[in-house]
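Protein chains: 2
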Amino acid sequence: MQDRLLELVGYNCRQVSTFMGAKFAKKMAKIGLRRMEFAVLMLVRENEQINQKRLAEVIQVAPSNLNLVLDRLESVGWLVRYRNPIDKRSQFVKLTLRGIRKCRSAEIAAIETENEITASLSASERSELVRLLRKVHLEARPRLEIN
Amino acid sequence: MQDRLLELVGYNCRQVSTFMGAKFAKKMAKIGLRRMEFAVLMLVRENEQINQKRLAEVIQVAPSNLNLVLDRLESVGWLVRYRNPIDKRSQFVKLTLRGIRKCRSAEIAAIETENEITASLSASERSELVRLLRKVHLEARPRLEIN
DNA sequence: TATTGTTATACTCTATAACTATA
DNA sequence: TATAGTTATAGAGTATAACAATA
Chain D
1 MQDRLLELVG YNCRQVSTFM GAKFAKKMAK IGLRRMEFAV LMLVRENEQI NQKRLAEVIQ
61 VAPSNLNLVL DRLESVGWLV RYRNPIDKRS QFVKLTLRGI RKCRSAEIAA IETENEITAS
121 LSASERSELV RLLRKVHLEA RPRLEIN
Chain Y
148 MQDRLLELVG YNCRQVSTFM GAKFAKKMAK IGLRRMEFAV LMLVRENEQI NQKRLAEVIQ
208 VAPSNLNLVL DRLESVGWLV RYRNPIDKRS QFVKLTLRGI RKCRSAEIAA IETENEITAS
268 LSASERSELV RLLRKVHLEA RPRLEIN
């Protein structure tokens, strides 16, 4: 049926990503978030003084596109931008209290989706899958210290 | 940095998929193809009498969107649609000779990207990664016999 | 000159509803 | 009534270039 395609890591990865993504997007929509916004909230929550450039690198989105995401998150009051006093070109971002609450609900929904989708894997299979994906990603983007 | 996100299969999968996808898309662009079109060509090549509904299911795209892809592939002469004589509602698709040649070049480019990206994995790690991704996908979409 | 962020724009991908022709 | 395909349209994600402010 699709033997040649199913030999490719790239194809399988995209299939799983598309399927999980659609499922996750629906859950996020219920709490008023898009997938990209979820990743931004999570990352900002864990990194108090991250700037936009760094954020864009880690999350793999063009700075111009990240900017639009931040505009929206800021306009609904889940996040604020403020100038770096040391280097006034850059801006830091941080979550508001409401942003932190929103992020928490989103994280719960994310873990739910995660468990639904990986239900067929044993605990060790699941962690092996994560390990291999990270290895591919880490090796392929050596300049970026993503950990 | 991104500890919580990196525990999620979904997030890692998307990161790898995005990164590989961008790399692959550039290669495809050089030979005048988009990613989605590659998958369609590959699948049609392997399945002589597949109809559009089935194709859409396997490839995880809405029939309406697949239709646009097929329109383009047909307009450039890589693929033809023809009515199923048994059930005139459905149409089969098949590759032209030029489509088969195009598909072959695309496949070579795909395998190149694949090897570049998974260079850090051993042969057994690579096949384990494919196995786990397929297991997730297969279990999550039980109705669809994707093999 | 180089970097950070911003604006503008276009393309790809995804999702949904309404329609047609056949069954 | 139901199904395969089609048309139209909107939203989300991605990519690129040009610009302002700052270094």
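Protein chains in written order, with my numbering: chain D, 1 to 147; chain Y, 148 to 294. From the three backbone atoms N, C-alpha and C, an ideal C-beta is built for every residue, glycine too. Bear in mind the structure is a predicted one, so any value in this text is a computation, not a measurement.
Going by C-alpha positions, Glu204(Y) is about 10 angstroms away from Asn198(Y). Note on geometry: alpha-carbon atoms of Tyr229(Y) and Leu188(Y) lie some 16 angstroms from one another.
At least one CB of chain Y lies nearer than 8 angstroms to the CB of Asn47(D).
If you ignore the 5 residues before and after Gly246(Y), its C-beta comes within less than 6 angstroms of the C-beta of Trp225, Leu226, all in its own chain and listed in chain order. Short of 7 angstroms from the beta carbon of Ala253(Y), and not among the five residues preceding or following it, lie these beta carbons of its own chain, in chain order: Met175, Ile178, Leu180, Phe185, Leu188.
Proximity of chain D to Arg281(Y) at the Cβ level (cut-off 8 angstroms) is accounted for by Leu6, Asn12, in chain order. The C-alpha of Arg101(D) is placed about 30 angstroms away from the C-alpha of Ala287(Y). Residue burial annotation: Ala270(Y) is exposed, with fewer than 16 other C-beta atoms found within 10 angstroms of its C-beta.
Taking a contact to require three or more Cβ pairs closer than 8 angstroms, the segment 154 to 168 of chain Y and the segment 2 to 21 of chain D qualify as touching. If you ignore the 5 residues before and after Met36(D), its C-beta comes within less than 6 angstroms of the C-beta of Val69, all in its own chain and listed in chain order.
Taking 4 residues as the minimum length, the alpha helix (DSSP H) runs contained wholly in the segment 228 to 282 of chain Y are 244 to 264, in order along the chain. A residue is called buried once 16 or more other Cβ atoms fall within 10 Å of its Cβ, and Ala22(D), having fewer, is exposed.
Among the residues of chain D, none has a CB under 7 angstroms from the CB of Gln199(Y); the nearest is roughly 15 angstroms distant.
Residues Leu41, Met42, Arg45, Leu95 of the same chain have their beta carbon placed closer than 7 angstroms to that of Cys103(D), with the five preceding and five following residues left out of the count.
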